[in-house]
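*Asks:* Chains as they are written, first to last, in the working numbering: chain A, 33 to 148; chain B, 31 to 142.
By construction, the Cβ of each residue, glycine as well, lies at the ideal position given by its N, Cα and C atoms.
(1) Given a cut-off of 7 Å, decide if residue 140 of chain B and residue 39 of chain B are closer than it, judged by their beta-carbon atoms.
(2) Taking C-alpha atoms, which residue in B:84, B:68, B:64 and B:69 lies nearest to residue 78 of chain B?
(3) Does residue 104 of chain A come out as helix, strand or coil in the three-state DSSP assignment?
(4) Please confirm whether residue 99 of chain B and residue 55 of chain B have their CB atoms less than 7 Å apart.
(5) Please report the distance separating the alpha-carbon of residue 41 of chain A from that of residue 95 of chain A.
(6) How would you write the range of the beta strand (DSSP E) that residue 41 of chain B sits in, first residue to last?
(7) Please say whether residue 115 of chain B and residue 129 of chain B have beta carbons closer to each other than 7 Å?
(8) Can at least three beta-carbon pairs, one atom from the region 35 to 52 of chain A and one from the region 75 to 91 of chain A, be found at a separation below 8 Å?
(9) State the Cα-Cα distance for the pair residue 81 of chain A and residue 99 of chain A, rounded to the nearest angstrom.
(10) Nearest to residue 80 of chain B by CA position, among A:64, A:148 and A:135, is which residue?
(11) Where DSSP assigns a beta bridge to residue 99 of chain A, which residues make up the other side?
(12) Using DSSP bridges, identify the partner residues of residue 85 of chain A.
(13) Tell me which residues of the region 89 to 110 of chain A have at least one Cβ-Cβ distance to chain B shorter than 9 Å, keeping chain order.
(14) Between the alpha carbons of residue 49 of chain A and residue 72 of chain A, how many angstroms are there, rounded?
(15) Please work out which residues of its chain come closer than 6 Å, Cβ to Cβ, to residue 54 of chain A, disregarding the five sequence neighbours upstream and downstream, and give them in chain order.
(16) Taking the straight line between their C-alpha atoms, what separation do you get for residue 142 of chain B and residue 67 of chain B?
(17) Helix, strand or coil: which one does DSSP assign to residue 31 of chain B?
(18) Quick one: what's got a C-beta closer than 7 Å to residue 110 of chain B's C-beta in the same chain, skipping five residues either side?
(19) Would the beta-carbon of residue 52 of chain A fall within 7 Å of that of residue 110 of chain A?
(20) If we ignore side chains and look at the alpha-carbon of each, how far apart do residue 86 of chain B and residue 45 of chain A end up?
(21) Note down the Cα distance separating residue 93 of chain A from residue 106 of chain A, rounded to an integer number of angstroms.
(22) How is residue 67 of chain B classed by DSSP in three states: helix, strand or coil?
(23) At a Cβ cut of 8 Å, what residues of the region 52 to 65 of chain B count as close to chain A, listed as they run along the chain?
This is how it looks when you write it as structure tokens:
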């Protein structure tokens, strides 16, 4: 079974530029997550989708971050304009059922962003 | 606010058992205990989860205290490939508890 796919794997941009990350979840998984992981810290949830609707985006900095999941499958996360503190790994994850406490979440390898 | 407490780091010798502790004194009756691990330059991967009874799978065992205020992840024979950050996470049924909220985890070093 194919895992969660993410691209690009690595990206270096200058501050104030924009960047977009793409995620393809495991086939059939209705729930998709974007996490941000700053070096030395655990991942932090940015946004959660159920199909193509947003379940939770309370920690997404909406002045510069946006995410969409058209057609309930692939998703993109955009940062515009980027700041130095956005340097992090952006992890996409998916699961088959939202909210179920025994549910397993599967993560992609992440997209590494460096803002200079 | 952190709901679990783990040591920052632990060391183990290769081919020996490893016991990774986790305290969760404020656990509610419907919270599941999840363990994920993150190898270097990889995304987190699921290890094991449980509610009340001890659990075993091909990767590890999970021992849950009778009062559920603590748990221990057991790797029966550590290998160099088990060197990773191990996260103990509570996952519940309501509100933000339904999310997988990561703390800082335990960095496990396996010595050859």
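*Replies:* Inspection of the coordinates gives the following:
(1) By one-based count along the second chain, residue 39 of chain B stands at place 9. By one-based count along the second chain, residue 140 of chain B stands at place 110. Result no, Cβ atoms of residue 39 of chain B and residue 140 of chain B do not sit closer than 7 Å.
(2) Indexing the second chain from 1 puts residue 78 of chain B at position 48. Residue 78 of chain B has its Cα closest to that of B:64, out of B:84, B:68, B:64 and B:69.
(3) The count along the first chain starts at 1 and reaches residue 104 of chain A at position 72. Correct three-state label for residue 104 of chain A: helix.
(4) Working through the second chain from its first residue, we reach residue 99 of chain B at position 69. Working through the second chain from its first residue, we reach residue 55 of chain B at position 25. Residue 55 of chain B sits close to residue 99 of chain B, with the two beta carbons spaced by under 7 Å.
(5) Your numbering for residue 41 of chain A matches position 9 in the first chain. Your numbering for residue 95 of chain A matches position 63 in the first chain. So the alpha carbons of these two residues sit roughly 24 Å apart.
(6) Reading the second chain from its first residue, position 11 is the one you call residue 41 of chain B. Judged by DSSP secondary structure, residue 41 of chain B falls within the beta strand (DSSP E) whose first and last residues are 39 to 43.
(7) The residue you call residue 129 of chain B lines up with position 99 of the second chain. The residue you call residue 115 of chain B lines up with position 85 of the second chain. In terms of Cβ geometry, residue 129 of chain B and residue 115 of chain B do not form a close pair [threshold 7 Å].
(8) Result no; under three Cβ-Cβ pairs closer than 8 Å.
(9) Here residue 81 of chain A refers to the residue found at position 49 when the first chain is read from its first residue. Here residue 99 of chain A refers to the residue found at position 67 when the first chain is read from its first residue. Taking the CA atoms as reference points, residue 81 of chain A sits about 10 Å from residue 99 of chain A.
(10) Stepping through the second chain from its first residue, residue 80 of chain B is reached at position 50. Residue 80 of chain B has its Cα closest to that of A:135, out of A:64, A:148 and A:135.
(11) Numbered from 1 along the first chain, position 67 holds the residue referred to as residue 99 of chain A. The partner list for residue 99 of chain A (beta bridge, DSSP) reads A:109.
(12) As a working note, residue 85 of chain A is residue 53 in the first chain. DSSP, once it has assigned bridges, lists A:82 as partnering residue 85 of chain A.
(13) Listed in chain order, the positions of the region 89 to 110 of chain A with a beta carbon within less than 9 Å of a beta carbon of chain B are 90.
(14) Within the first chain, the letter at position 17 stands for residue 49 of chain A. Within the first chain, the letter at position 40 stands for residue 72 of chain A. If you take the alpha carbons of residue 49 of chain A and residue 72 of chain A, they lie about 25 Å apart.
(15) As a first step, residue 54 of chain A must be located in the first chain, where it is residue number 22. If we look at residue 54 of chain A and ignore the five residues flanking it on each side, its Cβ neighbours are 39 and 108.
(16) Start at 1 with the first residue of the second chain, and residue 142 of chain B comes out as number 112. Start at 1 with the first residue of the second chain, and residue 67 of chain B comes out as number 37. Distance between residue 142 of chain B and residue 67 of chain B, taken at the CA atoms: about 20 Å.
(17) Counting from 1 along the second chain, the entry for residue 31 of chain B is found at position 1. Residue placement at residue 31 of chain B is poorly supported in this model, since its pLDDT is 43, which falls under 50; the coordinates are not used for a value here.
(18) In the second chain, residue 110 of chain B corresponds to position 80, counting from 1. Only 44, 140 and 142 meet the Cβ criterion.
(19) Residue 52 of chain A sits at position 20 when you count from the first residue of the first chain. Residue 110 of chain A sits at position 78 when you count from the first residue of the first chain. Yes, these two residues count as a Cβ contact at 7 Å.
(20) Sequence index remark: in the second chain, residue 86 of chain B carries index 56 (1-based). Sequence index remark: in the first chain, residue 45 of chain A carries index 13 (1-based). Going by the C-alpha atoms only, they are around 45 Å apart.
(21) Start at 1 with the first residue of the first chain, and residue 93 of chain A comes out as number 61. Start at 1 with the first residue of the first chain, and residue 106 of chain A comes out as number 74. Going from the Cα of residue 93 of chain A to the Cα of residue 106 of chain A covers about 21 Å.
(22) Here residue 67 of chain B refers to the residue found at position 37 when the second chain is read from its first residue. In the three-state DSSP reduction, residue 67 of chain B falls in the strand class (E or B).
(23) Cβ contacts with chain A come from 60, 61 and 62.
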